[in-house]
């Protein structure tokens, strides 16, 4: 079912009119109306309740406002009466009618044939079905306009001798303007009429069918779409009853009743899990199965470069739409935000890299590499939502390899050239034999650890630099002294005076960093608030980060008597240390005597670099393309890996660093291009409507990063503390959506406050916490390795999390527990494309 269309259900009874729409993918909106007598003593339909995940009722009859969503409860008697009515009533499936009179005529005739009504009741019943609906001024639920009627004393028809029911499924969804106050098509109709003297509560039966259509656990509404006879409807009701708990009359308090029902449901879930475990002992794949296996980008084709050919033929025909879809104000806002999000790591990591390599590779080289490789990938990449950049793990490797070369008298830059040669060979062989399909073995266990680690690096670097500022500029009274060291926190190669001991510098830096973060964060939250019209909210939310940067730069500019360190951008296109190197690195060394054995031995560090680039790029592609984002243009694991590694390998000839798909920047870029729902029901969360899939924003960002060298005078007015705020914002926001983050929060939360999530329902709390602690232990171990002399082993240690998940964890946790908490990432983007369409 396409996410762009809405399907509705209209349910009638003696005192109800129920409208149910499947909004997006089986998200049901239910509206309950009663047949009442108005002030003019005329019968009409009046809205009394509605459902969109939650049940809402009118607060009072004299006020047409919705009350707070309560915990929905049904009477067992009303469910039995509903089951009885369906078993004896009329069931019309795939009815070929497109007007309300035609539908009503068919329903009445079927009731007459089934002896539910008499011939003399036919006209009265038709008039009841065609009564009008009154529109009220109630608030709108979700993304659909609701309707109601003016208040009136409720009444019932007396021309029937017995309850009469009809369940109708139309062959095609029909827009019934005379019935609905919103222009949405109707798919189902449920009619239940009867005399007032019968001991039946029509309102409660209406609530029962409403709950069935809105419930997601029993999937009654899904069965209603595919049912072929009456018996399947009854089976669907039984399925709902099996998922329900009956609370007998008792003097026990409400909390005890809720606790006992929760325990009962947990026992039932455990029994069901045990049964399912027997079926899933061998099969441990994700539930999404591609409907077109040949379109699966992670499916082996069996021929050389088969995966690359499929990536190109699948993705490049959409090249024109990649440009057209960028004509949107949200994309413009994303360009401004991601420009600073890409430039600040380039400068910060460039400064750190300059420290580690004694200036051989610094800010200039990293800016040029970010720009050139970003331009190439944005033009040729199959997933242009990815942002190419430098990362913490690559910094760890560069430091380890430089120390090795220095200790053994080997030219560092020349060794990198031969690593680049081997990288090109390795990636060509990998793509030729479709090695990217190995990403299938990467489970959520590894993905979450790696994503959390990268986000943690961003957050850690932010506070580490802030602490360094406090050390250089303590809050107590000091005197400044001038030295000949570089001016900036990150030791740029531009010689200048270093200012230390300035009063209020540390305090202002803290204010600038925190102000940038909080303004950007709350403006993003403001996008989904209830203030101002939706268009204004979206504009403010989309430009939240640029607004935060501008405000904090103006704050810094207004404080004239306090020193703050500014962004240090190199002047002109020059290498970091012209006295040590040029733009071209000879493969034979500066003296032409580079050791031959090192040319061959460079394959070992090349393997380490390839593992890092492969893991970060492919995991980032998986995160960006996860099913919740509903991407429709697909991705290309083979082609993207080839482009990233080949451009990085060639860049080594010019002394430029290797880059990969940066996880935090790519997720931030995708989030900036994500369009969320405009409104939600009470207690619900906004959901993703679409993502602006295009390649213009990444291209413009890469160009602007390169041009930053020419606009250095402007960028030098931006305080470093503002960039620290962006660092912190990207790190914190990228933690959202990682299940490990959610489970870490649950460690500090009593079980009764745990959210209603699948892994919370399916796994015992203690077992879930044990799994979280295992991931936390692996994360801590990787962090320790990165901070010690064994940093070069980081790629291998990261790879070990894969067999750990596949071989060791199944001995500690059941297959059902692992599937609930950490499923394999064996989903296919082809299936996501099909489901989105």
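Residue numbers (this note's numbering): 151 to 987.
Note that the Cβ used here is the ideal one computed from N, Cα and C, for glycine as well.
Treat the numbers as computed from the prediction; the structure is a model and nothing was measured.
| Item | Value |
| --- | --- |
| Cβ separation of residue 193 and residue 281, assumed to be a contact under 8 Å, to the nearest whole Å | 5 Å |
| Which listed residue (723, 476, 731) has its alpha carbon closest to that of residue 862 | 723 |
| Identity of the residue in 565, 267, 275 nearest residue 253 by Cα | 275 |
| Sequence-distant residues of its chain with Cβ nearer than 6 Å to residue 268 (five each side left out) | none |
| C-beta atoms of residue 651 and residue 674 nearer than 8 Å | no |
| Reference residue 725, options 897, 565, 513, 885, closest by Cα | 513 |
| Contacts around residue 688, its chain only, beta-carbon distance under 8 Å, and the 5 residues preceding and following it disregarded | 480, 677 |
| Chain-order list of residues whose beta-carbon lies under 6 Å from that of residue 713 (same chain, five-residue window excluded) | 649, 652, 655 |
| Residues near residue 529 by beta carbon distance below 8 Å, same chain, minus five either side | 845, 849 |
| Delimiting residues of the beta strand (DSSP E) encompassing residue 826 | 824 to 826 |
| Residue 352 versus residue 376 - alpha carbon distance | 27 Å |
| Residues bridged to residue 319 [DSSP beta-bridge criterion] | 243, 338 |
| Which of helix, strand or coil DSSP assigns to residue 601 | helix |
| Test item: CB-CB of residue 318 and residue 383 under 8 Å | no |
| At least 3 beta-carbon pairs within less than 8 Å: the segment 510 to 525 vs the segment 907 to 922 | no |
| Residues bridged to residue 201 [DSSP beta-bridge criterion] | 180, 205 |
| Whether residue 879 touches residue 670 by CB criterion (8 Å) | yes |
| Per DSSP, the bridge partner or partners of residue 811 | 538 |
| Every unbroken alpha helix (DSSP H) inside the segment 673 to 732 [4 residues or more] | 684 to 692, 694 to 708 |
| Proximity to residue 476 [Cα-Cα], best of 534, 463, 557, 887 | 534 |
| Whole runs of the alpha helix (DSSP H) within the segment 546 to 630, excluding any shorter than 4 residues | 562 to 582, 594 to 622 |
| Stretch-stretch touch, CB-based, cutoff 8 Å, three pairs: the segment 502 to 509 with the segment 791 to 798 | no |
| Enclosing alpha helix (DSSP H) for residue 892 [first to last residue] | 889 to 896 |
| Rounded separation between residue 660 and residue 752 - CA only | 44 Å |
| Spatial neighbours of residue 389 in its chain, beta-carbon cut-off 8 Å, leaving aside the 5 residues before and after | 368, 369, 370, 373 |
| The segment 224 to 232 touching the segment 349 to 364, judged by at least three CB pairs closer than 8 Å | yes |
| Buried versus exposed, by CB contacts within 10 Å (16 or more), residue 783 | buried |
| N-terminal and C-terminal residue of the alpha helix (DSSP H) that residue 348 is part of | No alpha helix (DSSP H) contains residue 348, which DSSP labels as neither H nor E. |
| Integer-rounded CB distance, given that residue 239 should sit under 8 Å from residue 363 | So it is not a contact: roughly 16 Å between Cβ atoms. |
| Chain-order list of residues whose beta-carbon lies under 7 Å from that of residue 756 (same chain, five-residue window excluded) | 569, 572, 573, 576 |
| Beta-bridge partners of residue 840, as assigned by DSSP | 825 |
| Assumed close pair residue 599, residue 812 - CB separation to whole angstroms, cut-off 8 Å | Contact doesn't hold; Cβ gap of about 17 Å is too wide. |
| Cβ pair count under 8 Å reaching 3, the segment 765 to 777 against the segment 483 to 500 | no |
| Coil, strand or helix - residue 869 by DSSP | strand |
| For residue 911, the first and last residue of its enclosing alpha helix (DSSP H) | 908 to 912 |
| Which of helix, strand or coil DSSP assigns to residue 650 | coil |
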